[in-house]
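*Asks:* Before I ask anything, let me first share the structure, which is written out below as structure tokens.
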Amino acid sequence: MLSDLAGYLVTGLGTGCGYALIGSGLVAVYRVTRVVNFAQGAFAVVGAMCASSFLSVLPHGIGELAAVAVAAVVGLLVGLLATTTTPQSALIVTLGLAVFAYAVEVLVWGDQPRSFAGLPGAVSIVDTRVQAHYLLIIGVTLPVFAAMAMFFTRTDTGKALTACASNPYAARVIGIDVRRMGLLAFTIGGALGGLAGVLVTPVQQVTFDSDVTLIVNGFAAAILGGLTRPAVTLVGGLLLGVTQALVAGYGNAAHQTEIALGLMIAVMIWRAIRRPETQEAPA
Amino acid sequence: MIEVKDLVVRYGPATALDEVSLHVDDGEMVALIGPNGAGKSTLVNTLSGILKPAAGSVSVRGRLAHVPEGRQVFGDLTVEDNLRLGGRRYRQRDTGPVHAILPRLAELRHRRAGTLSGGEQQMVAVGRALMSRPDVLAIDELSLGLAPLVVADLVTHLRELNEQQGLAVLLIEQNARLALDLCARAYVLEAGRIVAEGPSDELARDDRLAAAYLGGVVADAE
Amino acid sequence: MKLLLLALAAGTLALPAFLDTEQLSIYILAGLAAMVTVGLSLLMGHAGQISLGQASFYAIGAYTAGILTVHGVPPILGLLAAPVLAAGFAAIVGVGVLRLRGHYLAFATLAMQLILLSVLAQSDWAGGAIGLQGIPRMSVGGFELDEDSHYAYLTWAGLAIVLVVAHNLVKSRPGRGLRALATSEVAAAASGVPVGRYRLAVFALSAAFAGLAGGIYAFYLGYLGPGSFPVLLSVEYVVMAVVGGLGTLAGGVVGAVAITLLVQALNDLGTQPGMPSYAPSVLSYAVYGLLLVIVVLFLPRGIVPALTRKERT
Chain W
1 MLSDLAGYLV TGLGTGCGYA LIGSGLVAVY RVTRVVNFAQ GAFAVVGAMC ASSFLSVLPH
61 GIGELAAVAV AAVVGLLVGL LATTTTPQSA LIVTLGLAVF AYAVEVLVWG DQPRSFAGLP
121 GAVSIVDTRV QAHYLLIIGV TLPVFAAMAM FFTRTDTGKA LTACASNPYA ARVIGIDVRR
181 MGLLAFTIGG ALGGLAGVLV TPVQQVTFDS DVTLIVNGFA AAILGGLTRP AVTLVGGLLL
241 GVTQALVAGY GNAAHQTEIA LGLMIAVMIW RAIRRPETQE APA
Chain E
1 MIEVKDLVVR YGPATALDEV SLHVDDGEMV ALIGPNGAGK STLVNTLSGI LKPAAGSVSV
61 RGRLAHVPEG RQVFGDLTVE DNLRLGGRRY RQRDTGPVHA ILPRLAELRH RRAGTLSGGE
121 QQMVAVGRAL MSRPDVLAID ELSLGLAPLV VADLVTHLRE LNEQQGLAVL LIEQNARLAL
181 DLCARAYVLE AGRIVAEGPS DELARDDRLA AAYLGGVVAD AE
Chain D
1 MKLLLLALAA GTLALPAFLD TEQLSIYILA GLAAMVTVGL SLLMGHAGQI SLGQASFYAI
61 GAYTAGILTV HGVPPILGLL AAPVLAAGFA AIVGVGVLRL RGHYLAFATL AMQLILLSVL
121 AQSDWAGGAI GLQGIPRMSV GGFELDEDSH YAYLTWAGLA IVLVVAHNLV KSRPGRGLRA
181 LATSEVAAAA SGVPVGRYRL AVFALSAAFA GLAGGIYAFY LGYLGPGSFP VLLSVEYVVM
241 AVVGGLGTLA GGVVGAVAIT LLVQALNDLG TQPGMPSYAP SVLSYAVYGL LLVIVVLFLP
301 RGIVPALTRK ERT
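Following this line, the structure appears as structure tokens:
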């Protein structure tokens, strides 16, 4: 049924936007610091949890923004620790911080799923009713990606970040504070993760351990662009979300995970075969 | 301008620079020659603050700009962006003066630095360093991998800068002949130690050095 | 040194006779964790790979033993099949996945476990989400292991086997080749070390160790469910390996025992009257996270190497 398809597409694009945002957070951090940030999913969860609390006292819009701000600060804190060591060790540090985040999340918000109200109402698309909130997700994500692109290519700070990503040694030679740029990248990653959590939670409850699925899907989206290209991450995220929605709709919802992860592993291996890299001195 | 006294720099247990002393005065062009692995890049990295001395002292009066070995331009950014980043530390955004000295960079300004030839990239690297309006320029391996004509062109620009604006230059080079031709004074660095120093023409006539660095035949001026 | 090892071996072998049920369960869990961690420590320390899915092999071993014996296969065969199947799975997955390096491998192993758990939860032949019930007790030639202390001795034997095999591997020529791998893959390949094959071998071996531990676990517990093998368990193994010291056998054991005891202590603390119901988990997560961060930042080689280095200086 065409109407079913339209419905699946919209919901798939919505969740896909969430994955793309997480993925772009991974990209922002990786490009500048070469660190794969395992806490990226935690940023989303913290953002979502904070929003669920803030929105009981703050109006819509303000509450979500405040939550994103908190997530950005958390990103900065993670960055402060992660940038003190090599990228390989930093991976484990971010993993440790993600686990520590569980403790904080359960302590403050408990271990049950949480959600909050998003954009109310439903919209008719080709004869099928779709929650209006999905449109909000898409409507916020696309401009955010556009803004990011402009930031990295048109602003001085953005170009300095790109420079650090392109050639950290040369960046240091000309006096760019590479560590500070790294912290900025982590803060941006935090904000993007927080935004993902805030946008997606109204249609998908979040628990303290939701970060695992989020980061795996975000990574799957980002890996398509080699962890360095935001535009490709967006495409990857959307594709992933739509594929999952179609599988859930036409097939078995339980197989979503396998499809997504299987695709991701296939892509990784394919890239590795095409471009074999040797790695010196692992962790 | 640059004063290095008994500098010791280590990489873990290995000593890269062992009590090195040298100086560059205002407006001077000084060469530092020596083979691969002698520690020349280590010295420049210490001068620009990337490495820290284990002992001894480094003092730089005025601004030092470092042109790193291997060009090291930001390939994903345009030439213009590369230049502007060079001035970022000192809030210099105006690329005009650098365009005046190196007109080719004005022509290339919107090209992605990664698509340029080696010589053009070297020019970008020099221009990027000049953006900080330095008093002394430390250039690491200017000629590496570049055609002689291209190098000659760059050298002309450096001479101009030195004569017209009093820019001091520390030229770190494997190509000893080039370095000794351009600079009035030179040091020879081998395995982390200064093994010779003095006016370039004297060094050029030294038998040992000629054998090691100048192709074996002493200049037959006498 | 040899004397110390013999004393430890004898002491730990004698220990179960003096422990009560709760202590025996800690003994067994620590021993099983040690078996898994030794393999993971080898993988991370010698072959330089990070696995965030080691609990998958533990699960495969457990389910293999469980499913086989539930269908009438003699338990001893079920136990022997556990490491074999786990290693086989690792070998197949490894062929593709081990081409990846560092963070890519970390995600791939994580994904591998998520897929496995999802598949198990949906498979009726594995008991689905509820799990496998009624696994028969382990028995060897008529003698049935029906006391907890029996499983403690079985665990001791399993760990002993793992340590002997691992020790021989490390000392052997392939083992030295592996150590070369850990420091520089390029140099190792240049000196003729068959990098790909060695990596795969260590991956499969670590899976075998975990599989054997899983098999014992299945018989000890008597029932299994996907919920017993969460991703967090894989993270726990990583914490144990990192804390104990990557690449050393003693490190794997020390890390596993230390963390198991620590978790037990936290559990006791968290279940004191007056503590909220989520206290045990909050404390565990906090400690895992902090340990990982602190050890990596301040004691990057882990406890055992730090201690042995102190002795030498």
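If you read the protein sequences in the order shown, they are chains W, E and D.
If you're matching positions, the first sequence starts at 1 in this note's numbering and goes up one per residue.
If you're matching positions, the second sequence starts at 1 in this note's numbering and goes up one per residue.
If you're matching positions, the third sequence starts at 1 in this note's numbering and goes up one per residue.
Glycine included, every Cβ here is placed at the ideal spot set by N, Cα and C.
Every value quoted in this text rests on a predicted model; they were computed, and no experiment measured them.
Between Pro280 of chain D and Leu262 of chain D, is the Cβ-Cβ spacing less than 8 Å?
*Replies:* Numbered from its first residue, the third sequence carries residue 280 of chain D at position 280. Numbered from its first residue, the third sequence carries residue 262 of chain D at position 262. Their beta carbons are not under 8 Å apart, which means Pro280 of chain D does not touch Leu262 of chain D by this criterion.
*Asks:* Inspect the beta-carbon positions of Leu169 of chain D and Val243 of chain D and report whether they are closer than 8 Å.
*Replies:* Counted from its first residue, the third sequence places residue 169 of chain D at position 169. Counted from its first residue, the third sequence places residue 243 of chain D at position 243. Cβ atoms of Leu169 of chain D and Val243 of chain D: not closer than 8 Å.
*Asks:* Given Val8 of chain E, which residues of its chain have a CB within under 7 Å of its CB, disregarding the five upstream and five downstream residues?
*Replies:* The residue given as residue 8 of chain E occupies position 8 in the second sequence. Cβ within range, chain order: Thr15, Leu17, Asp18, Glu19, Pro53, Ala54, Ala55, Gly56.
*Asks:* Give a yes or no on whether 8 Å exceeds the smallest Cβ distance from Ile50 of chain E to chain W.
*Replies:* For the purposes of this step, residue 50 of chain E is identified with residue 50 of the second sequence, where counting begins at 1. Cβ-Cβ to chain W under 8 Å: yes for Ile50 of chain E.
*Asks:* In whole angstroms, give me the CA-to-CA distance for Leu107 of chain W and Phe43 of chain W.
*Replies:* Sequence index remark: in the first sequence, residue 107 of chain W carries index 107 (1-based). Sequence index remark: in the first sequence, residue 43 of chain W carries index 43 (1-based). C-alpha separation (whole angstroms): 16 Å.
*Asks:* CB-CB under 6 Å to His110 of chain E, same chain, minus the five flanking residues each way: which ones, in chain order?
*Replies:* As a first step, residue 110 of chain E must be located in the second sequence, where it is residue number 110. Once the five neighbours on either side are set aside, the close Cβ partners of His110 of chain E are Thr78.
*Asks:* Per DSSP, which residues does Pro194 of chain D bridge with? Please list them.
*Replies:* Start at 1 with the first residue of the third sequence, and residue 194 of chain D comes out as number 194. According to DSSP, which records beta bridges pairwise, Pro194 of chain D is partnered with nothing at all.
*Asks:* Are Val136 of chain E and Met1 of chain E close, meaning C-beta to C-beta below 8 Å?
*Replies:* Mapped onto the second sequence, residue 136 of chain E falls at position 136. Mapped onto the second sequence, residue 1 of chain E falls at position 1. Yes.
*Asks:* To the nearest angstrom, how far is the alpha carbon of Val218 of chain E from that of Ala204 of chain E?
*Replies:* Working through the second sequence from its first residue, we reach residue 218 of chain E at position 218. Working through the second sequence from its first residue, we reach residue 204 of chain E at position 204. With a pLDDT of only 44 at Val218 of chain E, under 50, the local geometry of the prediction cannot be trusted, and the value read off the model is given with reservation. Val218 of chain E and Ala204 of chain E: Cα-Cα distance of roughly 7 Å.
*Asks:* When the distance is taken between beta carbons, is Gly134 of chain D closer than 8 Å to Val70 of chain D?
*Replies:* Reading the third sequence from its first residue, position 70 is the one you call residue 70 of chain D. Reading the third sequence from its first residue, position 134 is the one you call residue 134 of chain D. In contact: Val70 of chain D and Gly134 of chain D (Cβ atoms closer than 8 Å).
*Asks:* Which residues in chain W have a C-beta closer than 7 Å to the C-beta of Arg128 of chain E? List them in chain order.
*Replies:* As a working note, residue 128 of chain E is residue 128 in the second sequence. Those within 7 Å of Arg128 of chain E in chain W are Ile174.
*Asks:* Does any residue of chain D bring its CB to less than 8 Å from the CB of Met264 of chain W?
*Replies:* The sequence position of residue 264 of chain W within the first sequence is 264, counting from 1. It does: the Cβ of Met264 of chain W has a partner Cβ on chain D nearer than 8 Å.
*Asks:* Count the other CB atoms within 10 Å of the CB of Trp125 of chain D; is the residue buried (16 or more) or exposed (fewer)?
*Replies:* Counting from one through the third sequence, the residue named residue 125 of chain D turns up at place 125. So Trp125 of chain D counts as exposed.
*Asks:* Report yes if the C-beta distance between Thr64 of chain D and Gly225 of chain D is below 8 Å; otherwise report no.
*Replies:* Locating residue 64 of chain D in the third sequence gives position 64, counting from the first residue. Locating residue 225 of chain D in the third sequence gives position 225, counting from the first residue. No. Outside cutoff.
*Asks:* Given a cut-off of 8 Å on the beta-carbon distance, is the pair Val267 of chain W and Ile223 of chain W in contact?
*Replies:* Numbered from 1 along the first sequence, position 267 holds the residue referred to as residue 267 of chain W. Numbered from 1 along the first sequence, position 223 holds the residue referred to as residue 223 of chain W. Yes.
*Asks:* Are any of the Cβ atoms in chain W nearer than 8 Å to that of Pro13 of chain E?
*Replies:* Translated into positions along the second sequence, residue 13 of chain E becomes position 13. Chain W contact via Cβ: absent.
*Asks:* What does Asp76 of chain E reach in chain C if we use C-beta pairs closer than 7 Å?
*Replies:* Included in the structure are the protein chains W, E and D, with no chain C among them.
*Asks:* Residues in the same chain with beta-carbon distance under 7 Å from Thr128 of chain W, minus the five sequence neighbours each way, listed in chain order, please.
*Replies:* As a first step, residue 128 of chain W is located in the first sequence; it is residue number 128 there, counting from the start. Only Ser3, Asp4, Ala6, Gly7 meet the Cβ criterion.
*Asks:* Which ranges does the beta strand (DSSP E) cover as unbroken runs of at least 3 residues, wholly within the region 96 to 125 of chain W, from first to last along the chain?
*Replies:* Counting whole runs of 3 or more residues, the region 96 to 125 of chain W contains the beta strand (DSSP E) stretches 122 to 125.
*Asks:* Of all Cβ atoms in chain W, is any one closer than 8 Å to the Cβ of Gly131 of chain D?
*Replies:* Translated into the one-based positions of the third sequence, residue 131 of chain D becomes position 131. No - not a single Cβ of chain W is within 8 Å of the one on Gly131 of chain D.
*Asks:* Is the beta carbon of Ala254 of chain W closer than 8 Å to that of Leu240 of chain W?
*Replies:* On the first sequence, position 240 is the one that residue 240 of chain W refers to. On the first sequence, position 254 is the one that residue 254 of chain W refers to. Contact flag unset, no.
*Asks:* Is there contact between the region 119 to 128 of chain E and the region 39 to 51 of chain E, where contact requires at least three CB pairs shorter than 8 Å?
*Replies:* Too few Cβ pairs lie closer than 8 Å, so no.
*Asks:* Hey, quick one: how far does the alpha helix (DSSP H) through Val93 of chain D stretch, first residue to last?
*Replies:* Within the third sequence, the letter at position 93 stands for residue 93 of chain D. It spans 75 to 97 - the alpha helix (DSSP H) in which Val93 of chain D sits, taken as one unbroken run.
*Asks:* Check whether the region 162 to 181 of chain E and the region 21 to 35 of chain E are in contact - that is, three or more C-beta pairs closer than 8 Å.
*Replies:* Yes: the two stretches touch, three or more of their Cβ pairs being nearer than 8 Å.
*Asks:* As a quick exercise: from E:Phe74, E:Ser41, E:Ala147, pick the residue whose alpha carbon is nearest that of Ala191 of chain E.
*Replies:* As a position in the second sequence, residue 191 of chain E is number 191, starting the count at 1. Closest by alpha carbon: E:Ser41.
*Asks:* Which complete alpha helix (DSSP H) runs does the region 149 to 233 of chain W hold, if anything under 4 residues is left out?
*Replies:* The qualifying runs are 156 to 166, 168 to 173, 178 to 200, 211 to 223.
*Asks:* Within the continuous alpha helix (DSSP H) that includes Thr69 of chain D, where are the two ends?
*Replies:* To locate residue 69 of chain D, count along the third sequence from 1; it is residue 69. Its alpha helix (DSSP H) spans residues 54 to 70.
*Asks:* Is the Cβ of Leu85 of chain E closer than 8 Å to any Cβ of chain W?
*Replies:* Along the second sequence, read from residue 1 onward, the residue named residue 85 of chain E stands at position 85. With 8 Å as the cut-off, Leu85 of chain E counts as an interface residue toward chain W.
*Asks:* Provide the residue span of the alpha helix (DSSP H) that contains Met227 of chain E, from first to last.
*Replies:* A query on residue 227 of chain E cannot be resolved here, the shown segment of chain E reaching from 1 to 222 and no further.
*Asks:* Return helix, strand or coil for Glu173 of chain E, following the three-state DSSP convention.
*Replies:* In the second sequence, residue 173 of chain E corresponds to position 173, counting from 1. Three-state result, Glu173 of chain E: strand.
*Asks:* Skipping 5 residues on each side, what residues in its chain have a beta carbon closer than 8 Å to that of Ala160 of chain D?
*Replies:* As a working mapping, residue 160 of chain D is identified with position 160 in the third sequence. Here the set comprises Ala9.
*Asks:* Going along chain W in order, which residues have a C-beta closer than 9 Å to the C-beta of Pro134 of chain E?
*Replies:* For the purposes of this step, residue 134 of chain E is taken as the residue at position 134 of the second sequence. The contacting residues do not exist; Pro134 of chain E stays about 11 Å from chain W at best.
*Asks:* Are the CB atoms of Leu13 of chain W and Ala196 of chain W within a distance shorter than 8 Å?
*Replies:* For the purposes of this step, residue 196 of chain W is identified with residue 196 of the first sequence, where counting begins at 1. For the purposes of this step, residue 13 of chain W is identified with residue 13 of the first sequence, where counting begins at 1. No, these two residues do not count as a Cβ contact at 8 Å.
*Asks:* Can you pull out the residues from the region 8 to 26 of chain W whose beta carbon lies closer than 7 Å to at least one beta carbon of chain E?
*Replies:* Those would be none; no residue qualifies.
*Asks:* Measuring CB to CB, does Leu77 of chain D end up less than 8 Å from Ile60 of chain D?
*Replies:* Position 77 of the third sequence, counting from 1, holds the residue named residue 77 of chain D. Position 60 of the third sequence, counting from 1, holds the residue named residue 60 of chain D. Contact flag unset, no.
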